[in-house]
Amino acid sequence: MSEAHFVEELIDQGDDFDRWYVEVIRKAELADDAPVRGCKVIRPYGFGLWEQMVARLDARIKATGVENAYFPLFIPKSMLEREAEHVEGFAPEVTWVTRGGDHELEEPWAVRPTSEAIICPIYARWVQSYRDLPILINQWCNVVRWEERPRAFLRTLEFLWQEGHTCHATPEEADARARQMLEVYRHFLEDDLAIPVVAGIKSEAEKFAGALRTYTVEAMMGGKYWALQAGTSHNLGDHFGRVFGIRFLDRDGERKFAFSTSWGLSHRTVGATVMVHGDDAGLKLPPKVAPIQVIVVPIWRNAEDLGGVEGMVNRIVERLSAVARVRVDWRDDRTVGYKFNEWELKGVPLRLEVGPRDVAADQAILVRRDTRAKHIVALDHLAATVETLLATIQDDLFAAAQRSLAGHTAEVATRDELTARVAANAGWSLSYWCGDPACEGRVKAETKATIRCIPLEQSAELGTCIICDHTSHQRVVFARAY
RNA sequence: CGGGGCGUAGCGCAGCCCGGUUAGCGCGCAGCGUUCGGGACGCUGAGGUCGGAGGUUCGAAUCCUCUCGCCCCGACCA
215 MSEAHFVEEL IDQGDDFDRW YVEVIRKAEL ADDAPVRGCK VIRPYGFGLW EQMVARLDAR
275 IKATGVENAY FPLFIPKSML EREAEHVEGF APEVTWVTRG GDHELEEPWA VRPTSEAIIC
335 PIYARWVQSY RDLPILINQW CNVVRWEERP RAFLRTLEFL WQEGHTCHAT PEEADARARQ
395 MLEVYRHFLE DDLAIPVVAG IKSEAEKFAG ALRTYTVEAM MGGKYWALQA GTSHNLGDHF
455 GRVFGIRFLD RDGERKFAFS TSWGLSHRTV GATVMVHGDD AGLKLPPKVA PIQVIVVPIW
515 RNAEDLGGVE GMVNRIVERL SAVARVRVDW RDDRTVGYKF NEWELKGVPL RLEVGPRDVA
575 ADQAILVRRD TRAKHIVALD HLAATVETLL ATIQDDLFAA AQRSLAGHTA EVATRDELTA
635 RVAANAGWSL SYWCGDPACE GRVKAETKAT IRCIPLEQSA ELGTCIICDH TSHQRVVFAR
695 AY
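If you use my numbering, the first sequence corresponds to residues 215 to 696, in order.
Put into structure tokens, the structure is as follows:
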């Protein structure tokens, strides 16, 4: 059996990437189908992965001075409709509650698709003076959006996320906060999930309903090299402050409306992690967020073997627990080969084999999931080697994803070339764009690609719009999006 | 919402066109035994209101009508 085909029950990525994604999520036990359309059951292994992500992102958010709180799931219709653009943008995907118990509600309640409309009126009560600002609050919760085409983790009717909502005295401070949180997302994605991103601004057509400006971090998925919006941060200007009456008396004695931001990142990052790092054998989880970082597979044939192996495994677990999340696979109803394949499918970064030969030599065999490289390690060096390898795997996954992003991004100057690239799933195209929504719309109509973002980092050079030939100072990322 | 497809054991499917003993196969599951350093094998066994309702018929998984659900493509999608 060739190494490339250790796992026979999973379709190859190259044969059908979308099917690979669906299969690997089910077979790695990240999620399962639910008996309701568009919703998924997140299984313990998948939820464990999300919990690792939550812990890391939550710490990063709190480090910027933000506190967690919790607001209601329901939003009265009249509140949701206060901000015109906001409600217009979300209307098609809002879920409504019209009955409670056995009577009709006087006013329908929306199940939150996002919480600005319930949080802002509450902030209005809390803010009287410039001394009450800024308000820096985040909540971890579920939201519901009635999507037509669900896709596990990437787009489900109900999903888990965090949404931060801040209020500020000046527009400059609000914009700085929006950009600060974008950087938090960038670091989370790149440093914790090993997913490189392009940070930028959304075009008017793509920005958040009701926002002044939307910042985004876009990630490139594997397989088809489409884009995924991995996190967004909105400068809401004073739009919500005005309609919800968040007013304060400033230092100068004037009564002013507050400026606000909101920013969110959802469990679609689980799907992104699957798509960015996975291969034909299954998942490859970045060590920092892998629920299990080292899977110990004991090997024995008889009671005599087992005695020695058991003692050694227990000593190993004791030592490794201080430096890694370790689990031992003691199942006696599975062969060793089966276990190897299963834990590779589940993407555990390191496998540790301990058999009679190892007991005799006071060593163990470490195998990397990403390269399958084997390391024979003396027991005394095991903890240090595991720590080093986990860090190396994390770095190598990021480097590989960076190479893929760079390798599948090209500067494109002509419409024909753009159309051809999109049709061939060749990756992202970096092209000049004049800023006219009509040009943007034509690209979308002709190629299905959209402007994923206007990157924050721009060269000083001028160019001509890929559609209309007007001079432009900005290059944008065109790509198909999940 | 438009187009296409599918509902039969936990999963994947055959059987349906052409109605007829007790509805079958693979995997999985349970028990026992042999195995075990890259998805082992044998024997035995459990598991089904054939998505639902109505109709035709001596007889329906199979034919007819209605209905529910799911998947894919398209449109739509902070």
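We treat Cβ as the ideally placed atom computed from N, Cα and C, and that holds for glycine.
Because the structure is a prediction, the values reported are computed rather than measured.
| said: Which of the three DSSP states is assigned to valine 503 in this structure? | reply: Valine 503 carries a coil assignment under DSSP once its states are collapsed to helix, strand and coil.
| Beta-carbon proximity list for phenylalanine 471, same chain, < 7 Å, skipping 5 on both sides | Asp452, Gly455, Arg456, Ile460 and Arg461
| said: Suppose you measure from the CA of arginine 583 to the CA of glycine 561; what does that come to, to the nearest Å? | reply: 7 Å
| message | At 4 residues or longer, what runs of the alpha helix (DSSP H) sit wholly inside the region 552–581? | response | 570–575
| query | Quick one: what does DSSP say arginine 251 is sitting in, helix, strand or coil? | reply | coil
| query | Can the beta-carbon of proline 512 be found less than 8 Å from the beta-carbon of valine 581? | reply | no
| query | Got a sec? Which residues, its chain only, sit under 6 Å from serine 343 by beta carbon, not counting five neighbours each side? | reply | Once the five neighbours on either side are set aside, the close Cβ partners of serine 343 are Phe462 and Leu463.
| What is the residue span of the alpha helix (DSSP H) that alanine 605 lies within? | 596–621
| query | Leaving out the 5 sequence neighbours to the left and right, which residues in its chain are closer than 8 Å to alanine 605 when beta-carbon positions are compared? | reply | Pro501
| query | With a CB to CB cut of under 6 Å and the five nearest residues on each side skipped, what residues in its chain are close to methionine 526? | reply | Here the set comprises Val568 and Val573.
| request: Please list, in chain order, all residues of the same chain as glycine 496 whose beta carbon is under 7 Å from its beta carbon, the five residues on each side excluded. | output: Val221, Leu224, Val238, Ala242, Glu558, Leu559, Lys560 and Gly561
| query | What residue from Arg427, Val626 and Arg270 has the CA that sits closest to histidine 401's CA? | reply | Selected option, being the one with the closest Cα: Arg270.
| In chain order, what residues of the same chain lie with their CB nearer than 6 Å to the CB of leucine 593, ignoring the 5 residues before and after it? | Asp576
| request: Report the rounded CA-to-CA distance for glutamate 265 versus histidine 589, giving the unit in angstroms. | output: Their backbone Cα atoms lie some 30 Å apart in a straight line.
| message | Between which residues of its own chain and aspartate 610 is the CB-CB distance below 7 Å, once the five residues before and five after are set aside? | response | Apart from the 5 residues on each side of it in sequence, aspartate 610 sits with its Cβ closer than 7 Å to the Cβ of Asp584 in its chain, given in chain order.
| task | With DSSP as the reference, please indicate the residues paired to glutamate 372 in a beta bridge. | result | Val358
| message | Can you give me the C-alpha to C-alpha distance between cysteine 682 and phenylalanine 473, rounded to a whole angstrom? | response | 36 Å
| query | Taking buried to mean at least 16 other C-beta atoms within 10 Å of its own C-beta, is asparagine 356 buried or exposed? | reply | exposed
| query | Under 8 Å, do leucine 371 and glutamate 362 count as touching if we go by C-beta distance? | reply | no
| query | Between which two residues does the alpha helix (DSSP H) containing isoleucine 332 stretch? | reply | Following the DSSP letters along the chain, one finds isoleucine 332 inside the alpha helix (DSSP H) bounded by residues 330–340.
| query | Taking the alpha-carbon positions, what's the valine 325 to leucine 287 distance? | reply | The alpha-carbon of valine 325 is positioned some 6 Å away from that of leucine 287.
| Helix, strand or coil at isoleucine 409 [DSSP, three-state] | coil
| What is the rounded straight-line gap between the Cα of glutamate 425 and the Cα of serine 329? | Checking the sequence shown, residue 425 turns out to be alanine, not glutamate. For alanine 425 and serine 329, the distance between alpha carbons rounds to 14 Å.
| message | Rounded to the nearest angstrom, what separates methionine 293 and leucine 603 at their Cα positions? | response | 52 Å
| request: To the nearest angstrom, report how far apart alanine 388 and threonine 380 are at their CA atoms. | output: Straight through space, the alpha carbons of threonine 380 and alanine 388 are spaced by roughly 8 Å.
| field | Three-state secondary structure assigned by DSSP to valine 511 | value | strand
| query | Would you call the region 652–672 and the region 408–418 in contact, with 3 or more CB pairs under 8 Å? | reply | Touching, per the Cβ criterion.
| query | Shortest alpha-carbon distance to glutamate 382 belongs to which of Ser417, Val341 and Val600? | reply | A quick correction: the sequence has histidine, not glutamate, at residue 382. Out of Ser417, Val341 and Val600, Val341 has the C-alpha closest to the C-alpha of histidine 382.
| task | Just the C-alpha distance for alanine 392 and glutamate 377, rounded to the nearest angstrom, thanks. | result | Their Cα atoms are separated by approximately 12 Å.
| message | Using 8 Å as the threshold, is the C-beta distance between aspartate 546 and lysine 553 below it? | response | Going by C-beta atoms, aspartate 546 is not nearer than 8 Å to lysine 553.
| query | For methionine 434, which residues does DSSP report across the bridge? | reply | Ala441
| query | For aspartate 519, which of Asp272, Ala504, Pro570 and Ile530 has the nearest alpha-carbon? | reply | Pro570
| field | Inter-residue Cα distance where the pair is tyrosine 429 and valine 398 | value | 12 Å
| message | Here's the rule: buried if 16 or more other CB atoms are within 10 angstroms of the residue's CB, otherwise exposed. What is leucine 407? | response | buried
| query | So, do the region 308–322 and the region 429–449 have three or more beta carbon pairs nearer to each other than 8 Å? | reply | In short, these stretches do not touch, since the Cβ pair count stays below three.
| When burial is assigned at 16 or more other CB atoms within 10 Å of the CB, is leucine 403 buried or exposed? | buried
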